[in-house]
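Undergrad: First, the structure itself, so that you have it in front of you.
Number of protein chains: 2
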Amino acid sequence: MTRKPQQQRAKATVDAIVQAGFLCLAKHGIEGTTTRHIADEAGIGVGSLYEYFANKQEVMDAMYQMVVADVVSMIQPLTPRLVKMEIHEAVRTLLYEFRELLMRDDARYLKYASQAVNVAQRDNLEPINKILNDLVVQYVMHHPEVMRLRNLPVMSYIIINGGIFSVIRHLGESAPMLTFDQLAGGLADMAKHVMDGEMRKVDNEQ
Amino acid sequence: MTRKPQQQRAKATVDAIVQAGFLCLAKHGIEGTTTRHIADEAGIGVGSLYEYFANKQEVMDAMYQMVVADVVSMIQPLTPRLVKMEIHEAVRTLLYEFRELLMRDDARYLKYASQAVNVAQRDNLEPINKILNDLVVQYVMHHPEVMRLRNLPVMSYIIINGGIFSVIRHLGESAPMLTFDQLAGGLADMAKHVMDGEMRKVDNEQ
DNA sequence: GCCTTAATCCGAATTGAATCCGAACAATGA
DNA sequence: TCATTGTTCGGATTCAATTCGGATTAAGGC
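Just so you know, the sequences run in chain order A and B. Per my numbering, the first sequence starts with residue 1, numbered consecutively. Per my numbering, the second sequence starts with residue 1001, numbered consecutively.
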């Protein structure tokens, strides 16, 4: 029966468990992490873990809550500054803060996020990346005007990764805020805008 | 000791196991799927499963291979048509084909992909989505000219989801093809291009 | 300070799923 | 047909997650 920690030492125990969770995840990976690992790392007995968490998953959930809370409280105080910036600068600033947060404490949040978001890292999205890159290359060959613009690699990387993730996430949503048509149209528009925009940038520099 | 299937019936067994894997995943979710489930669904004994797969993970890997192979062989024959299209049309076409593939056979690939790509669906990225949406709203209030353009929701959705995923994926890569600066700059450029492009579209319609 | 009670901690015992293994059952081919 | 090799099977084993009952410790009233 899981209970709420009331005394000070119990709060410390709960916290130690969550911290140990991050450490173990970093050390052993998500599969290799056992409740005994976590308990040992936290310096407590296995039984104590189950006083406050119904099961291992709840420990993971608590870790997740912590990540989310930290992301939110990273963005919140940043908002007033961000909204006054140019869009370009705002995005960059936010991204660098995000990276800083992920890398903090020996990248513990990043390690968690990598495991949580993306299991298929064991091997490779490589074949898919490859064929999509081939597609881009061939596309460029058929549209010579595109060849002028640089950071094509960057833009493809983002659109490809972002596209795959958005689509999978969207199709899996139970109550999507968007229709698939909107999403697909949006991605298409985005690709077009990026191409036009980059092209224009090149023109202006000439 | 895992072996290669040599006789016809053994090949059928291997195939049945992989197929059963997809069915069980759809039925019980990734956690709820046991080797016995898979074996039962495939109409074989548990032991047989271990003749061809060293462990449960290898079954999952085989499923993954199959998804990847099918994605590749979906794109390959499509390429000649795609490269002749306008970028906008090409992206849309590709996305619709991708969806069709994911939805095929009672969405078996989608169910796999959702589980594989995104564990944290149990609860919510909600807090993060919310704060980011708030950020967008406040941003718009400070930049009234932006207010004119519609499908802001679509564009935010894509940039936010795509951005989060790209960054996590990139930071986790052992041999990244891009620097973080390039990625961040690319995402920022992209946001700018989209804003400019959408704005221009609205202007033209007036 | 002492006692009562609830909170906390513990780790051996239980449970159940993953994996192993050796016997039984087909196929091949001589 | 027999020998050999491939295949299937499900009970036995292993190992991690979870439970449970008792030991230990803090808190508060007297």
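Ideal Cβ positions, reconstructed from N, Cα and C, are used throughout, including at glycine.
#1: Find out if the Cβ-Cβ distance for the pair residue 42 (chain A), residue 20 (chain A) is shorter than 7 angstroms.
#2: Taking the alpha helix (DSSP H) that residue 22 (chain A) falls in, what are its first and last residues?
#3: Look at the Cβ atom of residue 188 (chain A), then the Cβ atom of residue 1071 (chain B), and state whether they are nearer than 7 angstroms.
#4: Starting from residue 183 (chain A), follow the alpha helix (DSSP H) in both directions and report where the run begins and ends.
#5: Do residue 33 (chain A) and residue 46 (chain A) have their C-beta atoms closer together than 7 angstroms?
#6: Ordered along the chain, which non-local residues of its own chain (more than five positions away) have a Cβ less than 8 angstroms from that of residue 1067 (chain B)?
#7: Residue 154 (chain A) and residue 1178 (chain B): beta carbons closer than 7 angstroms?
#8: Residue 161 (chain A) touches chain B at which residues, Cβ-Cβ below 9 angstroms?
#9: Output the distance between the C-alpha atoms of residue 180 (chain A) and residue 89 (chain A), rounded to the nearest integer angstrom.
#10: So, at 8 angstroms on beta carbons, what are the nonlocal neighbours of residue 1176 (chain B) in its own chain, with the 5 sequence-adjacent residues on each side left out?
#11: Whole angstroms are fine: how far does the CA of residue 1007 (chain B) sit from the CA of residue 1000 (chain B)?
#12: Can you check which of these residues, A:203, A:167 and A:128, is closest to residue 1099 (chain B) by C-alpha distance?
#13: Relative to the C-alpha of residue 1142 (chain B), which candidate in A:131, A:80 and A:185 has its C-alpha closest?
#14: Measuring CA to CA, which of A:165, A:190, A:17 and A:149 is closest to residue 205 (chain A)?
#15: If you run the structure through DSSP and keep just helix, strand and coil, what is residue 1037 (chain B)?
#16: Is residue 176 (chain A) helix, strand or coil when you go by DSSP?
#17: If we define contact as Cβ-Cβ less than 7 angstroms, is residue 104 (chain A) a contact residue for chain B?
#18: Using a 10 Å radius around the Cβ and a threshold of 16 neighbouring Cβ atoms, would you call residue 192 (chain A) buried or exposed?
#19: Would you mind working out which of B:1039, B:1157 and B:1018 sits nearest residue 186 (chain A), comparing C-alpha positions?
#20: Would residue 161 (chain A) and residue 1165 (chain B) qualify as a contact pair, given that the criterion is a beta-carbon distance under 7 angstroms?
#21: Taking 7 angstroms as the threshold (beta carbon to beta carbon), is residue 25 (chain A) in contact with chain B?
#22: Are the beta-carbon atoms belonging to residue 1139 (chain B) and residue 83 (chain A) less than 7 angstroms from one another?
#23: What are the boundary residues of the alpha helix (DSSP H) that residue 47 (chain A) is part of?
#24: If we define contact as Cβ-Cβ less than 7 angstroms, is residue 149 (chain A) a contact residue for chain B?
#25: Is residue 66 (chain A) helix, strand or coil by DSSP?
TA: Based on what the coordinates show:
#1: If you number the first sequence from 1, residue 42 (chain A) lands on position 42. If you number the first sequence from 1, residue 20 (chain A) lands on position 20. Yes. Within cutoff.
#2: As a position in the first sequence, residue 22 (chain A) is number 22, starting the count at 1. Taken as a continuous stretch (DSSP letters only), the alpha helix (DSSP H) holding residue 22 (chain A) covers 8 to 32.
#3: For the purposes of this step, residue 188 (chain A) is taken as residue 188 along the first sequence, with counting starting at 1. For the purposes of this step, residue 1071 (chain B) is taken as residue 71 along the second sequence, with counting starting at 1. No, these two residues do not count as a Cβ contact at 7 angstroms.
#4: Counted from its first residue, the first sequence places residue 183 (chain A) at position 183. Residue 183 (chain A) -> alpha helix (DSSP H) spans 180 to 205.
#5: Reading the first sequence from its first residue, position 33 is the one you call residue 33 (chain A). Reading the first sequence from its first residue, position 46 is the one you call residue 46 (chain A). In this structure, residue 46 (chain A) does not lie closer than 7 angstroms to residue 33 (chain A) by Cβ.
#6: Residue mapping note: residue 1067 (chain B) aligns to position 67 of the second sequence, counting from 1. Taken in chain order, the residues that qualify are 1109, 1112 and 1113.
#7: Position 154 of the first sequence, counted from the start, is the residue given in the question as residue 154 (chain A). Position 178 of the second sequence, counted from the start, is the residue given in the question as residue 1178 (chain B). Closer than 7 angstroms, so yes.
#8: Locating residue 161 (chain A) in the first sequence gives position 161, where the first residue counts as 1. Going along chain B in sequence order, the residues near residue 161 (chain A) (Cβ under 9 angstroms) are 1162, 1165, 1166, 1169 and 1170.
#9: Here residue 180 (chain A) refers to the residue found at position 180 of the first sequence. Here residue 89 (chain A) refers to the residue found at position 89 of the first sequence. Their backbone Cα atoms lie some 30 angstroms apart in a straight line.
#10: In the second sequence, residue 1176 (chain B) corresponds to position 176, counting from 1. Within the same chain, residue 1176 (chain B) has close Cβ partners 1170.
#11: Residue 1000 (chain B) cannot be examined here, being either before or after the span of chain B that is shown, 1001 to 1206.
#12: Indexing the second sequence from 1 puts residue 1099 (chain B) at position 99. Measuring from the Cα of residue 1099 (chain B), the nearest candidate turns out to be A:167.
#13: Position 142 of the second sequence, counted from the start, is the residue given in the question as residue 1142 (chain B). Nearest option by C-alpha distance: A:80.
#14: Residue 205 (chain A) sits at position 205 when you count from the first residue of the first sequence. Among A:165, A:190, A:17 and A:149, the Cα nearest to that of residue 205 (chain A) is on A:149.
#15: Within the second sequence, numbered from 1, the residue matching residue 1037 (chain B) stands at position 37. DSSP places residue 1037 (chain B) in helix when its eight states are reduced to three.
#16: As a working mapping, residue 176 (chain A) is identified with position 176 in the first sequence. The answer is coil: DSSP assigns residue 176 (chain A) none of H, G, I, E or B.
#17: The residue you call residue 104 (chain A) lines up with position 104 of the first sequence. Judged by the 7 angstroms Cβ criterion, residue 104 (chain A) is not in contact with chain B.
#18: Position 192 of the first sequence, counting from 1, holds the residue named residue 192 (chain A). Buried: at least 16 other Cβ atoms inside 10 Å.
#19: Within the first sequence, the letter at position 186 stands for residue 186 (chain A). Nearest option by C-alpha distance: B:1157.
#20: Position 161 of the first sequence, counted from the start, is the residue given in the question as residue 161 (chain A). Position 165 of the second sequence, counted from the start, is the residue given in the question as residue 1165 (chain B). Yes; because the gap between Cβ atoms is below 7 angstroms, this pair is in contact.
#21: Along the first sequence, read from residue 1 onward, the residue named residue 25 (chain A) stands at position 25. Cβ-Cβ to chain B under 7 angstroms: no for residue 25 (chain A).
#22: Indexing the second sequence from 1 puts residue 1139 (chain B) at position 139. Indexing the first sequence from 1 puts residue 83 (chain A) at position 83. Contact flag set, yes.
#23: Along the first sequence, read from residue 1 onward, the residue named residue 47 (chain A) stands at position 47. Taken as a continuous stretch (DSSP letters only), the alpha helix (DSSP H) holding residue 47 (chain A) covers 46 to 52.
#24: Within the first sequence, numbered from 1, the residue matching residue 149 (chain A) stands at position 149. It does not: the Cβ of residue 149 (chain A) has no partner Cβ on chain B nearer than 7 angstroms.
#25: Numbered from 1 along the first sequence, position 66 holds the residue referred to as residue 66 (chain A). Looking at residue 66 (chain A) - three-state DSSP - the assignment turns out to be helix.
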